[in-house]
Amino acid sequence: MNQPERSQPETPILLEPIGESPFGPRSPFVEYYHPPRLGIIHLLAWTAATAVLLKFGMAMEMLEASSPFDEIPTALRVFRQVIQFVQSTVHAAGIVGVSVLLLGRVRGATGRLQPGHWIVAIDTVAFLVVHSWWALYTAARASGIIERNTFGFGSNFIWFCLPFGVISLLRAATYGATATGLRDARRWRVLFATLAVVGLIVSLIQIAASFSRGRFGLFGLTNLPLWPLIIAAVLIPTVVLDLRRGPRRDWLHWLGIAVLAVGTALSMAWWMWSQLFNRFMN
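Numbering of the sequence shown is given in the working numbering, commencing with residue 450 and proceeding in unit increments.
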């Protein structure tokens with residue numbers, strides 16, 4: 450009687466010299482980079498980073514003398530605060546993940562990065578650059594260097610939107626470059642290519658919106674639910690197939706997947722919030 454064959458991982462993990470490329474050699478038979486075991490120090494760092502990001506958000510709002518959010522209903526304000534809290538929590542975890550990757554490389558750790566490692570690195574760096582610009586922009590508006598204007602619409606809209614478009618474009622280009630060099634299963638390359646294409650489209654819309662000074666409704670196109678839905682449609686089957694057929698993954702890989710998944714869900718939440726806010730303002 451024939452016994453059913455067990456499915457084997459698509460990418461066996463064997464010892465092999467890594468070389469200089471962060472993608473590793475073309476052969477899939479290569480040892481992955483192994484992060485240290487998740488411990489209390491990582492949880493403490495996560496808590497501290499979350500507190501810093503929440504405090505940062507509060508400081509940015511305090512720099513604004515007035516805000517259109519001051520008069521919104523309590524339920525809408527609470528909805529916004531919940532989104533901001535979840536966002537800070539997730540990106541704080543991403544900061545911890547990137548710190549683990551950097552410390553590992555500094556200490557001489559070798560091995561091919563898993564897809565989730567790349568995701569947490571790319572998205573966290575983009576997040577930090579965006580928020581650095583947000584701090585500069587808010588400080589410039591508070592000091593009068595840039596004219597105060599609701600959401601920056603008008604002659605100074607380019608200062609608000611163009612940098613975000615450029616950062617989004619660089620993020621998309623990084624995902625595209627990573628997709629071409631990734632040595633994992635094809636499904637991961639498809640996911641990275643999807644992130645690159647969606648990011649490219651959104652970034653070009655942002656750049657066009659900046660030069661149109663907020664006219665023609667271009668800026669609203671960047672917040673459509675279509676973009677996170679496309680990402681979710683590729684991310685979910687990729688993760689399910691990898692759980693069934695892929696190699697064993699470490700906690701840092703799954704942290705990257707969580708950062709992407711929660712970030713995608715938050716994009717939908719922000720769209721829902723913006724719909725409610727626009728209905729209230731009108």
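We put the beta carbon where it would ideally sit given N, CA and C, even for glycine. None of these values were measured; they are calculated from a predicted model.
Starting from Pro686 and walking both ways along the alpha helix (DSSP H), at which residues does that stretch end?
-> Reading the sequence shown from its first residue, position 237 is the one you call residue 686. Here the alpha helix (DSSP H) through Pro686 covers 675-694.
Simplified DSSP state of Arg529, which is helix, strand or coil = Counting from 1 along the sequence shown, the entry for residue 529 is found at position 80. Three-state result, Arg529: helix.
If we call anything under 8 Å between Cβ atoms a contact, is Val545 one with His491?
-> On the sequence shown, residue 545 is found 96 positions in, with the first residue counted as 1. On the sequence shown, residue 491 is found 42 positions in, with the first residue counted as 1. Contact: yes.
Identify, in the order they occur along the chain, each residue of the same chain with its Cβ nearer than 7 Å to the Cβ of Ser661, setting aside the five sequence neighbours on each side.
-> Walking along the sequence shown from the start, residue 661 turns up at place 212. Closer than 7 Å at Cβ, skipping near neighbours: Leu667.
Assuming Leu562 and Tyr482 form a contact by the criterion Cβ under 8 Å, report the distance between their Cβ atoms to the nearest whole angstrom.
-> Within the sequence shown, numbered from 1, the residue matching residue 562 stands at position 113. Within the sequence shown, numbered from 1, the residue matching residue 482 stands at position 33. Between Tyr482 and Leu562 the Cβ distance is about 6 Å, and since that is below 8 Å, they are a contact.
Could you name the residues of the same chain whose beta carbon sits closer than 7 Å to that of Met509, not counting the 5 residues immediately before and after it, in chain order?
-> Within the sequence shown, numbered from 1, the residue matching residue 509 stands at position 60. Trp583, Ala584, Thr587, listed in sequence order.
State whether the segment 645-659 contacts the segment 614-627, with contact taken as three or more CB pairs (one from each stretch) at a distance under 8 Å.
-> yes
Can you give me the Cβ contacts of Leu644 inside the same chain, cut-off strictly under 6 Å, excluding the 5 residues immediately before and after it?
-> Stepping through the sequence shown from its first residue, residue 644 is reached at position 195. Closer than 6 Å at Cβ, skipping near neighbours: Tyr624.
Can you tell me where the alpha helix (DSSP H) with Asp572 in it begins and where it stops?
-> Reading the sequence shown from its first residue, position 123 is the one you call residue 572. Segment 564-592, the alpha helix (DSSP H) holding Asp572.
Excluding the five sequence neighbours on either side, which residues of its own chain have a C-beta within less than 7 Å of the C-beta of Gly712, listed in chain order?
-> For this step, residue 712 is matched to residue 263 along the sequence shown. Closer than 7 Å at Cβ, skipping near neighbours: Val539, Asp572.
Give me the Cα-Cα distance between Arg728 and Pro485, rounded to the nearest whole angstrom.
-> For the purposes of this step, residue 728 is identified with residue 279 of the sequence shown, where counting begins at 1. For the purposes of this step, residue 485 is identified with residue 36 of the sequence shown, where counting begins at 1. Using only the alpha carbons, I get a separation of about 48 Å.
According to DSSP, residues forming a beta bridge with Tyr481 | The sequence position of residue 481 within the sequence shown is 32, counting from 1. Bridge partners of Tyr481: Arg561.
Length of the line joining the Cα atoms of Leu670 and Ala558 | Start at 1 with the first residue of the sequence shown, and residue 670 comes out as number 221. Start at 1 with the first residue of the sequence shown, and residue 558 comes out as number 109. Taking the straight line from one Cα to the other gives about 43 Å.
Buried/exposed call for Leu684, threshold 16 Cβ in 10 Å | On the sequence shown, residue 684 is found 235 positions in, with the first residue counted as 1. With 16 or more Cβ atoms within 10 Å of its Cβ, Leu684 is classed as buried.
Given Gly705 as reference, the closest of Met721, Gly543, Ile489 once Cα atoms are compared | As a first step, residue 705 must be located in the sequence shown, where it is residue number 256. Per the Cα distances, Gly543.
Where the alpha helix (DSSP H) through Asp499 begins and ends | As a working note, residue 499 is residue 50 in the sequence shown. The amino acid occupying residue 499 in the given sequence is Thr; Asp does not appear at that position. 489-512 is the extent of the alpha helix (DSSP H) around Thr499.
Which of helix, strand or coil does DSSP assign to Ala634?
-> For the purposes of this step, residue 634 is taken as residue 185 along the sequence shown, with counting starting at 1. Looking at Ala634 - three-state DSSP - the assignment turns out to be coil, as it is neither helix nor strand.
When the Cα atoms are used, what is the spatial distance from Arg697 to Gly506?
-> Taking the sequence shown and counting its residues from 1, the one referred to as residue 697 is at position 248. Taking the sequence shown and counting its residues from 1, the one referred to as residue 506 is at position 57. Each residue's Cα considered, the two are about 37 Å apart.
Since Leu690 and His566 are thought to touch, with beta carbons under 8 Å apart, how far apart are those beta carbons, to the nearest angstrom?
-> Locating residue 690 in the sequence shown gives position 241, counting from the first residue. Locating residue 566 in the sequence shown gives position 117, counting from the first residue. No, Leu690 and His566 are not in contact; Cβ-Cβ is about 19 Å, not under 8 Å.
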